[in-house]
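Trainee: Per this note's numbering, the very first residue in the sequence shown carries number 2; after that it's consecutive. Just dropping this structure here.
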Amino acid sequence: MKFRFFSHITASLATLIVLGAVSILERQERTRFQTAYRVNVLNKLHAVEAALEAQIDRNLALSRGLVAYISTHPDIDEAQFDRLARVLVTQQPDVESLNLVRAGSKEGSPGYTYSPNDRPFDWQAIDLDRSASIARTIESRNSIVEPPIALDDGRSIVIERSPIFITPPGAPPESGTYWGTVSLAVDLTSVLQAVGALNPLTSLKYSLRDSNGSPDREVFAGDGAIFQQDPTIVNVDLPQGYWQLAAVPKTGWIYQSPVLWWLRGGGGLLALLVGFSAFKGLDNPRQQRDALERETIDLREKEALYRELVENAHCAIVRLDAQSNITYLNPLTQRLLGYSEAELLGKPIRTILPPQINKATHPLLAAIEHSLFYPHDPIELDAKATCGNGKMLPMAWRGKAIVDPVGEVRGVVCIGKDISDRALAELELRASEAELRALLAAMTDLIFILDDRGYFIKVAPTSPDSVYRSLWDPTGRTLEDVVGPKRAEEFLEGIQKVLVTQMPHSFEYSLVLDGKEVWFGVNLSPMSADTVIWVARDISDRVRVEAQLRSAASELEQRVEKRAGEIQHANKQLQIEIVERMQIDEALRQSETREREKAQQLEQTLEKLQLTQAQLVHTEKMSGLGQLAAGMAHEINNPVGFIHGNLSHVRDYTQDLLDLLEIYQEEYPQENDRIEEWVEQIDLEFLKQDVFDTIASMESGTERIRTIILSLRNFSRLDESGLKQVDICEGLESTLLMLQHRLHRQSNLPEIQVIRELEDLPKVECYPSQLNQVFAHLMSNAIDALDENRHHWTDKPGDDDRFPRTAEPAICIRTQALEGDRVAISIADNGSGIPPEIQAKIFNPFFTTKAVGKGTGLGLSISYQIITETHQGTLTCLSQPDRGTQFKIEIPIRNFAASSCSVSSDKQ
């Protein structure tokens, strides 16, 4: 009895198991069927949504094209507006009307209106009703799509508005003041027909409504009851807001799957298999749904990200198909080239290239064709593009072929950047180089660049006289090859001296060229740590004049000696007769007096001639140095200014890249191992901080160079060789900057301090370049005096009233306005002072206490002459042993003597 009903119980249990399994499978199949059904509807709805957003974007692009034109052409009139509107509206058949209202127009004024269908459109009433929407688009500076308006004839019209802001010259686009508003009226029914929402053959019913968040949101199109029938809803993204698009099947939702009858009929026989399969695939529908939703969300996010990157990119992006036809171009490309999207889509790339070109003459076409055959080779070149107005735009192109997963080339993506500024800078650089070559070609001096071993590295393209022809192109040779071993050894000593001291060095030498002795004057200046600049000038005429002067002086001495001998012979004869001797003695005394006076006059003339010659040579050297300094300052200032001007762009570009990197880190916080390893290797956080410090250091360096160049030009003042009213303090600061390298700490020697006590002085009428020369002589002498004691400088008590704040080597510079329209400039040092016995000689020509080769003895003499004779002033020296030396200059504010001479010379 125990096992009597066992088979029935087992059958019952099997039946119950089968029924339970079938029931579970039925529910799962119903869920799967409904999910798949909804996913199918959702995909169709997304297709309509994407088409609707694309249609709205095209209409907005049309109005943005008009905005871009008016922002640069604000003086547009109604005729121009009609022509532009006619061209733009023909591209979009769903546009009912186009309206342009200028800011400041009378309230309610319709502005300029264009309607392609000649249907009346009351813009005045619409604008008054939607004034809040107009204010919002102006405040946000972005386009806006307003809810549709129902017209009396049953049509629904969507209003799209875009504000217009002026583009000032040289400023970013549309960064100026508000100009007006462009409004576009679009037939919503035509738009929905174009995207397929009203197609009678479609299997879905659509409805479109606003998204204001209230339960009674306004329905724009379709049956509002659709939103109550469990619809599938997506958001249609707008520039400022969104719409909701809903859809349901026309036949209603189907909840029963055809497979259910098969499950119920065969469930009993396949109980165990069906049960196992049911449990095995329990989670499959949910996993499929989640995977589909994740893929859909990921795809939309990537699409939105790429769209934002491409549309907001700072470079032109053009996509081509395999036949080199344009399939996409971003908004910046349209603005740069002046074309609309409709004008270029489907056109070959040669449309934006210069006319009458082919693959052999235009590198971009050849590079694109090469990339189509060799997709792994990138495109990198510079080529010009043709704008819509016919102008040529220099651009830097980069590109790469588009290859699908199976390896087939689908097209090419080209990225272009406007390089007009760089092209203009290159033209200016070439013009500057041509000007420099012309200046060098006009010089008659010979200029070489030599290294520390005597090798000729470079020859400046000057135009020396024929006497230099034998030395014209010694590049690659040595001094020994050109002038011989002995003379080359002497020259190398001078070169080593210049490189060690980093100070200019001058000397003279002679060569026998074409059988004639030719004298050269050479100025050696340091250029770098191991190179010098050799400037040679033919001074044969000057040497010849000096030889003639020496010959004349020798002949004069011989004549004097001869005359003295004749007098002695006459005295012997006169001793015979005492009476005649007294007469002859008297005559002799008179003759000797005359000859002595003549000899003294001749000696004074010779001394004055030597002084004049030395001053002329010194002035010529200073003039040459000033010209060279001004030329170097001008040539250096251009590239430094270019570098300094571009550093701000480098800072902005670097900040943009760092911001983009932060966005990537926020959007993709999970980094792979390779990225983490590279971030640690480059120390990314330190790089973010240090890159701006590096740019700031570069800006500080270029600003320092520009300051030095300005001081160099102010010091030379080649353009102010005449009488000018200048700021004395500015000349002192420029001179100090020129001597700054001598004031700094050297080895273990203390730094020379500069104490400025400069009063505000009125502008002084003077010769600026000569006055700067005086300042340079006095400051250089003060530095030399301090350098003699810096080797054994000890802490001195600061008891000198001129140096109350320091016991270190120092120079004190004072300016003071005096009574009687005069100014005083004092330059003092706390060196060892000048001994009293030589203070009276310091202004004599050729007097110097420096070692041979370190001074000419003309600095103070020339300075004294410039102050006393040229500027009608005084130059005095006050010095005490161990208390330093002070030179005091007093000059009138108004130089009446020089002014009168200038006026008289102008009259003549």
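We treat Cβ as the ideally placed atom computed from N, Cα and C, and that holds for glycine.
Taking only the alpha-carbon atoms, compute the straight-line gap between residue 315 and residue 181 and give it to the nearest angstrom.
Mentor: Residue mapping note: residue 315 aligns to position 314 of the sequence shown, counting from 1. Residue mapping note: residue 181 aligns to position 180 of the sequence shown, counting from 1. Cα to Cα, the separation comes out at about 26 Å.
Trainee: Can you pull the DSSP bridge partners for residue 521?
Mentor: Here residue 521 corresponds to residue number 520 of the sequence shown, with the count starting at 1. Partner(s): 510 and 539.
Trainee: On a Cα-Cα basis, can you pick out the residue from 369, 455, 345 and 335 that is closest to residue 483?
Mentor: By one-based count along the sequence shown, residue 483 stands at place 482. Checking every option, the nearest Cα to that of residue 483 belongs to 455.
Trainee: Please report the residue range of the alpha helix (DSSP H) in which residue 487 lies.
Mentor: The sequence position of residue 487 within the sequence shown is 486, counting from 1. Residue 487 -> alpha helix (DSSP H) spans 486 to 502.
Trainee: Residue 420 and residue 393 look like a contact to me (Cβ under 8 Å); what is the Cβ gap, rounded to whole Å?
Mentor: What you label residue 420 is simply residue 419 of the sequence shown in a count that begins at 1. What you label residue 393 is simply residue 392 of the sequence shown in a count that begins at 1. With a Cβ gap of about 12 Å, residue 420 and residue 393 do not count as contacting.
Trainee: Would residue 428 be called buried (16 or more neighbouring beta carbons within 10 Å of its own) or exposed?
Mentor: To locate residue 428, count along the sequence shown from 1; it is residue 427. Residue 428 comes out exposed.
Trainee: Do the region 295 to 304 and the region 370 to 386 touch if we need at least three Cβ pairs shorter than 8 Å?
Mentor: no
Trainee: Could you name the residues of the same chain whose beta carbon sits closer than 6 Å to that of residue 282, not counting the 5 residues immediately before and after it, in chain order?
Mentor: In the sequence shown, residue 282 corresponds to position 281, counting from 1. Its pLDDT being 42, under 50, residue 282 is placed unreliably by the model, and the measurement read from it follows with that caveat. Nothing listed; no residue qualifies.
Trainee: Given this structure, state the Cα-to-Cα distance separating residue 398 from residue 364, to the nearest angstrom.
Mentor: Translated into the one-based positions of the sequence shown, residue 398 becomes position 397. Translated into the one-based positions of the sequence shown, residue 364 becomes position 363. Between residue 398 and residue 364, the C-alpha separation is close to 11 Å.
Trainee: If distances are taken between C-alpha atoms only, which option among 502, 501 and 519 comes closest to residue 509?
Mentor: Position 508 of the sequence shown holds residue 509. When each option's Cα is compared against that of residue 509, the closest is 519.
Trainee: Answer yes if the region 184 to 191 comes into contact with the region 224 to 234, meaning at least three C-beta pairs across the two stretches below 8 Å, and no otherwise.
Mentor: no
Trainee: Rounded to whole angstroms, what's the CA-CA distance from residue 174 to residue 72? Just pull it up for me.
Mentor: Here residue 174 is taken as the residue at index 173 of the sequence shown, counted from 1. Here residue 72 is taken as the residue at index 71 of the sequence shown, counted from 1. Rounded to whole angstroms, residue 174 to residue 72 spans 8 Å at the Cα level.
Trainee: Between residue 138 and the rest of its own chain, which residues show a CB-CB distance below 8 Å, the 5 nearest in sequence each way excluded?
Mentor: Residue 138 sits at position 137 when you count from the first residue of the sequence shown. Residues 144, 145, 162, 163, 164, 182 and 241 of the same chain have their beta carbon placed closer than 8 Å to that of residue 138, with the five preceding and five following residues left out of the count.
Trainee: Considering only the alpha carbon of each residue, which of 728, 742, 369 and 94 lies closest to residue 349?
Mentor: Here the question's residue 349 lines up with position 348 in the sequence shown. Among 728, 742, 369 and 94, the Cα nearest to that of residue 349 is on 369.
Trainee: Compare the Cα-Cα distances from residue 42 to each of 234, 727, 345 and 703 and report the closest residue.
Mentor: Counting from 1 along the sequence shown, the entry for residue 42 is found at position 41. Nearest of 234, 727, 345 and 703 to residue 42, Cα basis: 234.
Trainee: Can you give me the C-alpha to C-alpha distance between residue 312 and residue 147, rounded to a whole angstrom?
Mentor: Within the sequence shown, residue 312 is the residue found at index 311, counting from 1. Within the sequence shown, residue 147 is the residue found at index 146, counting from 1. The straight-line gap from Cα to Cα measures roughly 23 Å.
Trainee: Buried or exposed, going by whether 16 or more other CB atoms sit within 10 Å of the CB of residue 487?
Mentor: Mapped onto the sequence shown, residue 487 falls at position 486. Counting the other Cβ atoms within 10 Å of the Cβ of residue 487 gives fewer than 16, which makes it exposed.
Trainee: So, is residue 407 buried or exposed, given that buried needs 16 or more other C-beta atoms within 10 angstroms?
Mentor: In the sequence shown, residue 407 corresponds to position 406, counting from 1. With fewer than 16 Cβ atoms within 10 Å of its Cβ, residue 407 is classed as exposed.
Trainee: Assuming contact is defined by CB atoms lying nearer than 8 Å, are residue 160 and residue 184 in contact in what I supplied?
Mentor: Numbered from 1 along the sequence shown, position 159 holds the residue referred to as residue 160. Numbered from 1 along the sequence shown, position 183 holds the residue referred to as residue 184. Result yes, Cβ atoms of residue 160 and residue 184 sit closer than 8 Å.
Trainee: Below 8 Å, how does it come out for the region 763 to 777 and the region 878 to 897: are there three or more Cβ pairs, yes or no?
Mentor: yes
Trainee: Using CA coordinates, which residue listed in 873, 303 and 38 is at the minimum distance from residue 253?
Mentor: Within the sequence shown, numbered from 1, the residue matching residue 253 stands at position 252. Nearest option by C-alpha distance: 38.
Trainee: Have a look at residue 402 and residue 668 and give me their C-alpha separation to the nearest angstrom.
Mentor: Within the sequence shown, residue 402 is the residue found at index 401, counting from 1. Within the sequence shown, residue 668 is the residue found at index 667, counting from 1. Spanning the two alpha carbons is a distance of roughly 27 Å.
Trainee: Which class does residue 689 belong to by DSSP, given the choice of helix, strand or coil?
Mentor: If you number the sequence shown from 1, residue 689 lands on position 688. Helix.
Trainee: Taking the beta strand (DSSP E) that residue 844 falls in, what are its first and last residues?
Mentor: Counting from 1 along the sequence shown, the entry for residue 844 is found at position 843. Premise fails: residue 844 is in no beta strand (DSSP E) and is neither H nor E.
Trainee: Does DSSP classify residue 122 as helix, strand or coil?
Mentor: Mapped onto the sequence shown, residue 122 falls at position 121. Three-state result, residue 122: coil.
Trainee: Enumerate in chain order the residues of its own chain whose CB-to-CB distance from residue 499 is below 6 Å, with the five nearest sequence positions on each side excluded.
Mentor: Locating residue 499 in the sequence shown gives position 498, where the first residue counts as 1. Sequence-distant Cβ neighbours of residue 499 in its own chain, meaning closer than 6 Å and more than five residues away, are 506, 525, 527 and 533.
Trainee: Identify whether residue 467 lies in helix, strand or coil by the three-state DSSP scheme.
Mentor: Residue numbering aside, residue 467 sits at position 466 when the sequence shown is read from its first letter. Residue confidence for residue 467 is low, a pLDDT of 41 falling below 50, so the modelled location carries little weight; the figure read from the coordinates is stated next. Note: residue 467 maps to helix in three-state DSSP.
Trainee: Per the DSSP calculation, residue 183 is bridged to which residue(s)?
Mentor: Residue numbering aside, residue 183 sits at position 182 when the sequence shown is read from its first letter. Answer by DSSP bridge pairing, in chain order: 101 and 163.
Trainee: Specify whether the region 832 to 852 and the region 751 to 763 touch according to this definition: at least 3 beta carbon pairs, one from each stretch, less than 8 Å apart.
Mentor: no
Trainee: Pull up the distance between the alpha-carbon of residue 469 and that of residue 447, whole angstroms please.
Mentor: Working through the sequence shown from its first residue, we reach residue 469 at position 468. Working through the sequence shown from its first residue, we reach residue 447 at position 446. Any answer about residue 469 is weak, because its pLDDT of 47 lies below 50 and its placement is not dependable; what the coordinates show is given next. The alpha-carbon atoms of residue 469 and residue 447 are separated by roughly 8 Å.
Trainee: Got a sec, what are the start and stop residues for the beta strand (DSSP E) residue 252 sits in?
Mentor: The count along the sequence shown starts at 1 and reaches residue 252 at position 251. Careful: residue 252 lies outside any beta strand (DSSP E) and carries neither H nor E.
Trainee: Shortest alpha-carbon distance to residue 112 belongs to which of 95, 131, 673 and 79?
Mentor: Translated into the one-based positions of the sequence shown, residue 112 becomes position 111. Nearest option by C-alpha distance: 79.
Trainee: Quick one: what's got a C-beta closer than 7 Å to residue 692's C-beta in the same chain, skipping five residues either side?
Mentor: In the sequence shown, the residue the question calls residue 692 occupies position 691. Contacts found: 655.
Trainee: Give me the Cα-Cα distance between residue 645 and residue 728, rounded to the nearest whole angstrom.
Mentor: Counting from one through the sequence shown, the residue named residue 645 turns up at place 644. Counting from one through the sequence shown, the residue named residue 728 turns up at place 727. Cα to Cα, the separation comes out at about 28 Å.
Trainee: May I have the straight-line CA-CA distance separating residue 64 from residue 366, to the nearest angstrom?
Mentor: In the sequence shown, counting from the first residue as 1, residue 64 sits at position 63. In the sequence shown, counting from the first residue as 1, residue 366 sits at position 365. Answer to the nearest angstrom: the Cα atoms are 33 Å apart.
Trainee: Does the region 729 to 747 come close enough to the region 676 to 690 to have 3 or more Cβ pairs within less than 8 Å?
Mentor: The region 729 to 747 makes no contact with the region 676 to 690: fewer than 3 CB pairs, one atom from each, lie closer than 8 Å.
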